[in-house]
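**Q**
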Amino acid sequence: MSSLLISDLHLHPGAPAITDGFLAWLEGRAQGAEALYILGDFFEAWIGDDLMDLGEADPTGNAALAWRVAGALRARSEAGTAIYLMHGNRDFLLGERFAREAGACLLPDPSVVTLGDERVLLMHGDSLCTRDEAYMAFRAQARDPAWQARILAMPITERLALARQLRDQSGEANSNKAEDIMDVTPGEVLTALRQHGVTTLIHGHTHRPAVHPLELDGTPARRFVLGDWQPNRGWEIEIAPGQAPVLRDFALSG
34 MSSLLISDLH LHPGAPAITD GFLAWLEGRA QGAEALYILG DFFEAWIGDD
84 LMDLGEADPT GNAALAWRVA GALRARSEAG TAIYLMHGNR DFLLGERFAR
134 EAGACLLPDP SVVTLGDERV LLMHGDSLCT RDEAYMAFRA QARDPAWQAR
184 ILAMPITERL ALARQLRDQS GEANSNKAED IMDVTPGEVL TALRQHGVTT
234 LIHGHTHRPA VHPLELDGTP ARRFVLGDWQ PNRGWEIEIA PGQAPVLRDF
284 ALSG
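34 is the number of the first residue of the sequence shown in the working numbering; add one for each residue after it.
(1) Using 8 Å as the Cβ pair cut-off and three pairs as the minimum, do the segment 78-87 and the segment 185-193 touch?
(2) With distances taken from CA atoms, which of Pro253, Glu67, Thr147 and Met85 is nearest Asn133?
(3) Could you give the first and the last residue of the continuous alpha helix (DSSP H) run that contains Gly104?
(4) Should Met34 go down as buried or exposed, given a rule of 16 or more other Cβ atoms within 10 Å for buried?
(5) Check Ser160 in the structure and name its three-state DSSP category.
(6) Note down the Cα distance separating Ser286 from Trp262, rounded to an integer number of angstroms.
(7) Are Leu127 and Leu59 close, meaning C-beta to C-beta below 9 Å?
(8) Check whether the segment 163-181 touches the segment 243-261, counting contact only when three or more Cβ pairs, one atom from each stretch, lie closer than 8 Å.
(9) How long is the line joining the alpha carbons of Leu193 and Phe76, rounded to whole angstroms?
(10) Looking only at C-alpha atoms, which of Ser40, Trp100, Leu37 and Phe55 sits nearest to Pro264?
(11) Can you give the Cα-Cα distance for Asp41 and Ala243, rounded to whole angstroms?
(12) Should the segment 154-168 be called in touch with the segment 218-227, which here means at least 3 C-beta pairs below 8 Å?
(13) Please specify which runs of the alpha helix (DSSP H), each continuous and at least 4 residues long, are wholly inside the segment 183-244, giving them in chain order.
(14) In chain order, what residues of the same chain lie with their CB nearer than 7 Å to the CB of Gly136, ignoring the 5 residues before and after it?
(15) Closer than 8 Å by C-beta to Asp91: which residues in its own chain qualify, once you throw out the five before and the five after it? Chain order, please.
(16) Would you call the CB atoms of Glu269 and Arg101 closer than 9 Å?
(17) Compute the Euclidean distance between the alpha carbons of Ala21 and Asp282, then round it to the nearest angstrom.
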C-alpha cells in the first residue's frame with residue numbers, strides 16, 4: 034500500500050472547483066492509500082476551530098466548507114487511510130477539534146516518518162525561507178502560544194477581518210519581493226537534513242514543484258517540492274514500498 038502527500042490546496046469558499054476536485058480525488062485516487070499526509074496550507078485561512086460552531090449561520094461559507102471537508106476526511110479515515118495534518122503559514126490555528134472531526138492526527142512541523150522503506154523529513158517549508166526576514170519575524174509571532182491565545186479570544190468577526198487583512202498584506206508584500214527571497218535557503222535545507230539524520234525532504238509552501246538532487250556531506254540526498262492546487266490541476270507525491278517517491282500533477286474533476 035502506498036502513502037500520498039499533498040500540500041497547499043488553499044481551500045476556501047471562493048474556489049469551489051478546488052474543493053470539488055479534492056473531494057473527488059479523496060474518493061477516487063486516495064482510495065486504498067495506507068496514509069495521507071497534508072503538509073500545510075490546506076485551508077486558505079483558518080481563524081480557529083470554533084468557526085465550526087457557526088454552521089449555516091456563517092455568511093462567509095467557511096463553516097460549511099470546514100464541515101464538508103472534515104466529513105470527507107473522516108470517511109476516508111474510517112475506510113482505513115491514516116490522515117495526518119500539518120500546519121502551514123495560512124492555517125496555523127488549525128486545532129484538535131477539526132482534527133478530531135476529520136479523523137486526523139495533527140503532525141508537528143518538522144516530522145520524520147517512515148514512508149516505504151525510508152525515513153523522510155516532512156515540513157511545510159516556510160521555516161526554510163530564512164532570507165525573507167519580514168516573514169520569518171511574522172512566523173515567530175504567529176507560532177507564539179500567547180499570541181495565538183490572544184487572537185483566539187477575539188470575536189469571530191474580528192478574526193475574519195484580521196485574516197483578510199493579513200492575506201492582503203501578504204499578497205502586497207510578496208509582489209515586491211525578489212523571487213529568490215521567497216524560496217528556501219539552500220543551506221537551511223542541508224542543515225535540516227543533517228539535524229534529522231535523513232537524506233530525503235518533502236515540503237510545500239513555495240508553489241515551485243520540483244525534485245532537487247542534493248549532496249549532503251558526500252552522500253546523495255534529494256528535496257521534493259509539492260505544487261499548489263489550482264481549479265483544474267492538483268499535485269501529489271506517492272511513496273510505495275521498494276519504490277522511489279513520485280511527484281506528479283493531475284487533472285482535477287469535481
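Every residue gets a Cβ at the ideal spot worked out from N, C-alpha and C, and that includes glycine.
**A** Straight from the coordinates:
(1) yes
(2) For clarity, residue 133 is Arg in the given sequence; the question names Asn instead. For Arg133, the nearest C-alpha among the options comes from Met85.
(3) That run of the alpha helix (DSSP H) goes Asn95 to Glu111.
(4) By the C-beta density criterion, Met34 is exposed, having fewer than 16 other C-beta atoms within 10 angstroms.
(5) Note: Ser160 maps to helix in three-state DSSP.
(6) Computed Cα separation, rounded: 12 Å.
(7) At the C-beta level, Leu127 and Leu59 stay beyond 9 Å of one another.
(8) no
(9) 14 Å
(10) Phe55
(11) 15 Å
(12) yes
(13) Counting whole runs of 4 or more residues, the segment 183-244 contains the alpha helix (DSSP H) stretches 189-208 and 219-229.
(14) Leu106, Arg107, Ser110, Glu111 and Ile116
(15) Leu84 and Ala97
(16) no
(17) It is not possible to answer for residue 21, since the shown part of the chain is limited to 34 through 287.
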